[in-house]
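Engineer: Taken in sequence, the protein lines are chains A and B. For what it's worth, this note's numbering labels the leading residue of the first sequence as 1, then goes sequentially. For what it's worth, this note's numbering labels the leading residue of the second sequence as 1001, then goes sequentially.
2 protein chains.
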Amino acid sequence: MKHNLQDTISLLARTPASLNALLRDLPETWTFRNEGENTWSVFDVVGHLIHGERTDWMPRTKIVLEFGETHPFESFDRWGHVRESQGKSLGWLLDEFARLRSDNLGELRALNLRQEDLERRGLHPALGIVTLSELLATWAIHDLTHLHQISRVMAHQYRGDVGPWSQYLGVLQCTGHSSP
Amino acid sequence: MKHNLQDTISLLARTPASLNALLRDLPETWTFRNEGENTWSVFDVVGHLIHGERTDWMPRTKIVLEFGETHPFESFDRWGHVRESQGKSLGWLLDEFARLRSDNLGELRALNLRQEDLERRGLHPALGIVTLSELLATWAIHDLTHLHQISRVMAHQYRGDVGPWSQYLGVLQCTGHSSP
Chain A
1 MKHNLQDTIS
11 LLARTPASLN
21 ALLRDLPETW
31 TFRNEGENTW
41 SVFDVVGHLI
51 HGERTDWMPR
61 TKIVLEFGET
71 HPFESFDRWG
81 HVRESQGKSL
91 GWLLDEFARL
101 RSDNLGELRA
111 LNLRQEDLER
121 RGLHPALGIV
131 TLSELLATWA
141 IHDLTHLHQI
151 SRVMAHQYRG
161 DVGPWSQYLG
171 VLQCTGHSSP
Chain B
1001 MKHNLQDTIS
1011 LLARTPASLN
1021 ALLRDLPETW
1031 TFRNEGENTW
1041 SVFDVVGHLI
1051 HGERTDWMPR
1061 TKIVLEFGET
1071 HPFESFDRWG
1081 HVRESQGKSL
1091 GWLLDEFARL
1101 RSDNLGELRA
1111 LNLRQEDLER
1121 RGLHPALGIV
1131 TLSELLATWA
1141 IHDLTHLHQI
1151 SRVMAHQYRG
1161 DVGPWSQYLG
1171 VLQCTGHSSP
């Protein structure tokens, strides 16, 4: 089955409101603690999502459409959000993520991509040849990867509080699948 | 550090709105597909959360407060939602979950639990002695376990669409940690 861009956009459009409903004004127990050294808190994850909106998804889409395989994407800085987020509140980050996502989806819709556009190829600096379709599908699954991470980081804060139920709680068995 | 009941309630209160923002009117690609035989779709997971509101968390809280360790909890039926959800829409389930959660948190707050109440012990039919504090902490982490599952089930639907990026997407490496 072919990747359905409308399904992808439907999900991308909902992530900011879902995170806002979950995280805004939540006690810092849940949002400012991480899983240990060199891991991310929920605050860090939202900063990372913002950094992706600024430097990854739509900039790479434009590179594919303009240059195809002749011009590799810039490498994405996985710690690029740290400086950008300094001194900001989680509420500010949630607003900024929602604003950037909305702007980016406006741009994406305005491109009116057709099937032949989705098949266009670009050059990833580490992965090699990729298609625009794969890039846009990845944008959505990247949201889900970080929703998965957020649930795990939050659950970790209660590891000592659930007693013998820990064995039934799948999220507490998850040790993560990527770094960080 | 002691389990902080206000932090727990803060999270429990946000889950319905967060799921609503993520899932309402989302294309069925995301919400009605599962991960294979005997696994759950997002629709099933929301039904399971409803079943927990009806039969698990507050009923068990009342059993601890009334009977202590002398009266074991009823076993929770992990497939109890299937019949209850039949013929319902996902929108209906999201509304019902929000309504039940709100009612349950109203009841919980009205109990005005003190630290000595949280230390009261109950009898789980499989796990043995547990405390009310552990039960209420588990309620919150159970939400996160299913948010973790929802992100994974949704991501699975795009497994074939992300091309070489799959190796960078942690949620696609997750095979789940509990059954189902």
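Just so you know, even glycine gets a beta-carbon here, dropped at the ideal spot from N, CA and C. Treat the numbers as computed from the prediction; the structure is a model and nothing was measured.
By how many angstroms is the C-alpha of A:His124 removed from the C-alpha of A:Glu66?
Structural biologist: A:Glu66 and A:His124: Cα-Cα distance of roughly 15 Å.
Engineer: Across which residues does DSSP place B:His1124 in a beta bridge pair?
Structural biologist: According to DSSP, which records beta bridges pairwise, B:His1124 is partnered with B:Gly1128.
Engineer: Would you mind telling me which residues of chain A sit closer than 8 Å to B:Asn976, beta carbon to beta carbon, in chain order?
Structural biologist: Nothing about residue 976 of chain B can be read from this structure; chain B reaches only from 1001 to 1180.
Engineer: Hey, A:Leu136 and A:Leu5 are a contact pair by Cβ (cut 8 Å); roughly how many whole angstroms apart?
Structural biologist: Rounded, the Cβ-Cβ distance is 6 Å, consistent with contact.
Engineer: Since A:Thr175 is in the alpha helix (DSSP H), which residue starts that stretch and which ends it?
Structural biologist: Looking at the DSSP string, A:Thr175 is not in any alpha helix (DSSP H), and its letter there is neither H nor E.
Engineer: Just tell me which of A:Arg99, A:Asn104 and A:His51 has its CA closest to the CA of A:Gln86.
Structural biologist: The residue with the shortest Cα to Cα distance from A:Gln86 is A:His51.
Engineer: Give me the Cα-Cα distance between B:Leu1144 and A:Ala155, rounded to the nearest whole angstrom.
Structural biologist: Approximately 6 Å between the Cα atoms of the pair.
Engineer: Which chain A residues are close to B:Arg1101, counting only those with a beta carbon under 8 Å from its beta carbon?
Structural biologist: By Cβ distance, chain A contributes nothing, its closest Cβ being about 13 Å from B:Arg1101, past 8 Å.
Engineer: Are the Cβ atoms of A:Val42 and A:Arg120 separated by less than 8 Å?
Structural biologist: Not in contact: A:Val42 and A:Arg120 (Cβ atoms no closer than 8 Å).
Engineer: Just how far apart, CA to CA, sit B:Gln1173 and A:Thr175?
Structural biologist: Approximately 11 Å between the Cα atoms of the pair.
Engineer: Provide the residue span of the alpha helix (DSSP H) that contains B:Gly1047, from first to last.
Structural biologist: Val1042 to Thr1055 is the extent of the alpha helix (DSSP H) around B:Gly1047.
Engineer: For my contact list, B:Asn1020 and B:Trp1057 are in at a C-beta cut-off of 8 Å; report their separation, rounded to the angstrom.
Structural biologist: 19 Å between Cβ atoms; not a contact.
Engineer: Do you know whose CA, among B:Ser1102, B:Arg1033 and B:Ile1129, lies nearest A:Gly163's CA?
Structural biologist: Among B:Ser1102, B:Arg1033 and B:Ile1129, the Cα nearest to that of A:Gly163 is on B:Ile1129.
Engineer: Could you give the first and the last residue of the continuous alpha helix (DSSP H) run that contains B:Asn1020?
Structural biologist: Unbroken alpha helix (DSSP H) run through B:Asn1020: Leu1005 to Leu1023.
Engineer: Name, please, each residue of chain E whose Cβ falls closer than 7 Å to the Cβ of A:Arg54.
Structural biologist: Of the protein chains in this structure, namely A and B, none is chain E.
Engineer: I'd like to check one pair, B:Ser1151 with A:Leu147: are the Cβ atoms closer than 8 Å?
Structural biologist: In contact: A:Leu147 and B:Ser1151 (Cβ atoms closer than 8 Å).
Engineer: State the Cα-Cα distance for the pair B:Phe1076 and A:Arg14, rounded to the nearest angstrom.
Structural biologist: C-alpha separation (whole angstroms): 32 Å.
Engineer: With distances taken Cα to Cα, identify the nearest neighbour of A:Glu35 among A:Pro16, A:Asp161, A:Phe73 and A:Gln149.
Structural biologist: Residue A:Gln149 is the option with its Cα nearest to A:Glu35.
Engineer: In three-state DSSP terms, what is A:Asn104?
Structural biologist: A:Asn104 falls in the helix class under three-state DSSP.
Engineer: Thinking just about the alpha-carbon of each residue, which of A:Phe32, A:Arg159, A:His177 and A:Glu84 is nearest to the one in A:Asp54?
Structural biologist: Note that residue 54 of chain A is Arg in the sequence shown, not Asp. Nearest option by C-alpha distance: A:Glu84.
Engineer: If I follow the unbroken alpha helix (DSSP H) through B:Thr1029, where does it start and stop?
Structural biologist: Note, B:Thr1029: alpha helix (DSSP H), Glu1028 to Thr1031.
Engineer: Thinking C-alpha only, which one of A:Thr131, A:Arg101 and A:Lys2 is nearest B:Trp1165?
Structural biologist: Selected option, being the one with the closest Cα: A:Thr131.
Engineer: Is A:His3 near B:Leu1169, with beta carbons less than 8 Å apart?
Structural biologist: No, they are not a contact pair.
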